[in-house]
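Residue numbers (our numbering), protein chains in the order written: chain B, 329 to 656; chain C, 329 to 656.
Every residue gets a Cβ at the ideal spot worked out from N, C-alpha and C, and that includes glycine.
Here the structure is a predicted model, which is why all the values come from computation and not from measurement.
In what follows, a structure is listed as structure tokens, so that the remarks can point back to it.
Protein chains: 2
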Amino acid sequence: MDATIYDVSRLSGVSTATVSRTFSDPGRVREATRRKVFEAAEILHYSPNAIARAMARQRTDKIAFLICKKDATILDEFYARICESIMRRAIQSDRQLVISTAADWAQAASTAQNKQVEGVILGGSAQADMVSEFQSKNIAVVLVNHRMPGFDLPCVVSDEYGGMCLAVEHLLRRGHRSIAMIAGRLSPYIAGERYNAFLRVMREHGIEAGAGHIGMCDPTVESAASAARELLSRENRPTAILGGNDVIAAGVLKAALRLGLRVPEDLAVVGFDDSTICGMVEPELTSVHIDCRRIGELGVDCLHALLNGEECPPVTVVPAALRVRRSS
Amino acid sequence: MDATIYDVSRLSGVSTATVSRTFSDPGRVREATRRKVFEAAEILHYSPNAIARAMARQRTDKIAFLICKKDATILDEFYARICESIMRRAIQSDRQLVISTAADWAQAASTAQNKQVEGVILGGSAQADMVSEFQSKNIAVVLVNHRMPGFDLPCVVSDEYGGMCLAVEHLLRRGHRSIAMIAGRLSPYIAGERYNAFLRVMREHGIEAGAGHIGMCDPTVESAASAARELLSRENRPTAILGGNDVIAAGVLKAALRLGLRVPEDLAVVGFDDSTICGMVEPELTSVHIDCRRIGELGVDCLHALLNGEECPPVTVVPAALRVRRSS
DNA sequence: GCTGAAAATGTAAGTGCTTACATTATTGGG
DNA sequence: CCCAATAATGTAAGCACTTACATTTTCAGC
């Protein structure tokens, strides 16, 4: 049905090899020949068949972005941003991108196994067996927003620790002494970093933060709101609350408003991720900005390097920044 | 490097044809043979090479979801939801999914041309030349959340018109007479449907809605807020405002709160899309729920039908529903 | 105009699977 | 126990490219 390289070869009067070269390495054929070939191709509506090319070349130039369902989806703005950025960068690097959710991890793995994918970027907390499966299939793996000690995988993460430090220091500078934190059920790695940073900065300033300063909730506004209500109805309630992410912070805001507290006068609220939510709520949320774009780009770059046998730093940390808004 | 069908053939003592059948149509080989083959495959870590299979079969079982950048991204929760759903359904239908943004429309097209993709689902307002290009390449096209009169393409859309009717009727029932609408720069099709529905229902109730009842803004909270401020500072300000989507509604909410208006007592606000924003803001937003999940599923099903040469309804309308919350 | 190196092109053997067609094995009646 | 139908398997020709290697052209320098 579609024209093949043979058709073009015949019409243009050159060999199939030359046609092939004309398309994959135009510099190697003489100007005049090239023109003849393109002309014939035009007439026949020919365009190279990527499948056949992949077959002959033994490479697909295809990479995948896998999001682990447990703590992440494309529905999370956070991962959506990373995804966007990966898409863009993949295109720049002349690679096709396949996106998949780990729900179909089996499928993802088989896609990969079937040699359709040369490397994968794993977002969210990947599982060990996944990773080793990929490795055994000789598929390059890069971790994004996650780390797996023990596995020798390049990873690019945001500076969760530093980000949290910024947030806490900001609140301390504003005079807050009684600061609480409400953690959602984020991935262990992320949660750990933030938690440790919180504790350390507090301690550095001579404040011992105990269990009374830590709330826990599901990653929904309502759950966060009730956790906040709980914290805020205690004897000496905190004057500032750090949300594990912006959704949680929004929940805190809600709880505060319902309790008649003014934000930021009576209670300062700080979120994490700097998602669009921050601008939606009233007052706007101060939040720790994560450079998702950069994370995605660097993820692709790492994979690219790996696939080209180049060096690639084992850990890349993308700096976080604090976006101060009206809620603090 | 990887084991091929030949290796398995040799080790198991059957022909390559039988090995092939064992994997692609196990029912056609005898139990005993099948076992032998699987055993050999296990030992050799063999798994079929999808590229080669695609080459031989002349089909890839691959479809694409293309989002048109102009008025949509994966960053829009709306499209993210559709995307998720398409992913899921594609997997169920044993099809691989490629996702792409129309920014790289050229690339998307070439991917498709190269015969890697048998059909595409176009999200957002597709362009005519795109579509005809696909059609000329004999690639099946399904439109999602959009319609293109003149092109004979199956499309699945949400009942924008009906959804808006629900919203307006709800407000009228609540006693509102002076209802305004703030439209963002949505795609012409969507905006049109909603606008017409608004006007019709108003007129049906004997209210002539003129330019004074229509605001326009960019699709950002701030822009929406200032548009709302403008409407609300007029002589006889509206008692209810319909946002073109939830972001806009959130902006309206902000403007109202800043002007000291109570919601819903002084002003009712209704959004569109029923995104997570609705739950984030205070008070929670009443919004028209769009069944993104269903849209995605039906999109895939349509494409599936098309590819199998089956019948497929030219237009599928997914009903919308009103989620009443505290803001109205 | 001749020569040899470099550039351009051609030849043909893969790449790993599917499948039409040919061949062989199985089996239920008679 | 044989036969024909049917099931199971085998043979080998694609599928549309790439590329190592062989051959031919080109052309600068003499």
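Which term fits residue i, buried or exposed, when burial requires 16 or more other beta carbons within 10 angstroms of its beta carbon?
i, result
"residue 579 of chain C", "buried"
"residue 334 of chain C", "exposed"
"residue 507 of chain C", "buried"
"residue 464 of chain C", "exposed"
"residue 355 of chain B", "exposed"
"residue 521 of chain B", "buried"
"residue 373 of chain B", "exposed"
"residue 566 of chain C", "buried"
"residue 420 of chain B", "exposed"
"residue 299 of chain B", "Residue 299 of chain B cannot be examined here, being either before or after the span of chain B that is shown, 329 to 656."
"residue 371 of chain C", "exposed"
"residue 530 of chain B", "buried"
"residue 637 of chain C", "exposed"
"residue 532 of chain B", "exposed"
"residue 503 of chain B", "exposed"
"residue 505 of chain C", "exposed"
"residue 424 of chain C", "buried"
"residue 384 of chain B", "exposed"
"residue 480 of chain C", "exposed"
"residue 376 of chain C", "buried"
"residue 488 of chain B", "buried"
"residue 418 of chain B", "buried"
"residue 627 of chain C", "buried"
"residue 556 of chain C", "buried"
"residue 362 of chain C", "buried"
"residue 360 of chain C", "exposed"
"residue 452 of chain B", "buried"
"residue 501 of chain C", "exposed"
"residue 381 of chain C", "buried"
On the DSSP bridge list, what partners appear for residue i?
i, result
"residue 651 of chain B", "B:615"
"residue 486 of chain B", "B:646"
"residue 424 of chain B", "B:390"
"residue 659 of chain C", "No answer is possible for residue 659 of chain C: the residues shown for chain C start at 329 and end at 656."
"residue 450 of chain C", "C:394, C:471"
"residue 429 of chain B", "B:395"
Can the beta-carbon of residue i be found less than 8 Å from the beta-carbon of residue j?
i, j, result
"residue 648 of chain C", "residue 494 of chain C", "yes"
"residue 352 of chain B", "residue 343 of chain B", "no"
"residue 474 of chain B", "residue 485 of chain B", "yes"
"residue 499 of chain B", "residue 598 of chain B", "yes"
"residue 634 of chain C", "residue 516 of chain C", "no"
"residue 651 of chain B", "residue 611 of chain B", "no"
"residue 348 of chain B", "residue 368 of chain B", "no"
"residue 525 of chain B", "residue 492 of chain B", "yes"
"residue 576 of chain B", "residue 512 of chain B", "yes"
"residue 461 of chain B", "residue 388 of chain B", "no"
"residue 583 of chain B", "residue 591 of chain B", "no"
"residue 443 of chain C", "residue 422 of chain B", "no"
"residue 396 of chain C", "residue 456 of chain C", "no"
"residue 469 of chain C", "residue 391 of chain C", "no"
"residue 603 of chain B", "residue 405 of chain B", "yes"
"residue 410 of chain C", "residue 624 of chain C", "yes"
"residue 379 of chain B", "residue 518 of chain C", "no"
Check the C-beta distance from residue i over to residue j and give it rounded, since I have them as a contact under 8 Å.
i, j, result
"residue 394 of chain B", "residue 471 of chain B", "Rounded, the Cβ-Cβ distance is 11 Å, inconsistent with contact."
"residue 414 of chain C", "residue 408 of chain C", "Actually they do not touch by this definition, with Cβ atoms about 11 Å apart."
"residue 587 of chain B", "residue 560 of chain B", "6 Å"
"residue 570 of chain C", "residue 608 of chain C", "That pair is no contact at about 19 Å."
"residue 619 of chain B", "residue 646 of chain B", "5 Å"
"residue 552 of chain C", "residue 545 of chain C", "5 Å"
"residue 426 of chain C", "residue 426 of chain B", "6 Å"
"residue 574 of chain C", "residue 542 of chain C", "At roughly 19 Å, the Cβ-Cβ gap does not stay under 8 Å, so residue 574 of chain C and residue 542 of chain C are not in contact."
"residue 595 of chain B", "residue 568 of chain B", "7 Å"
message: What ranges does the beta strand (DSSP E) occupy inside the segment 534–605 of chain B, keeping only unbroken runs of at least 3 residues that lie completely in it?
response: 542–544, 568–571, 596–601
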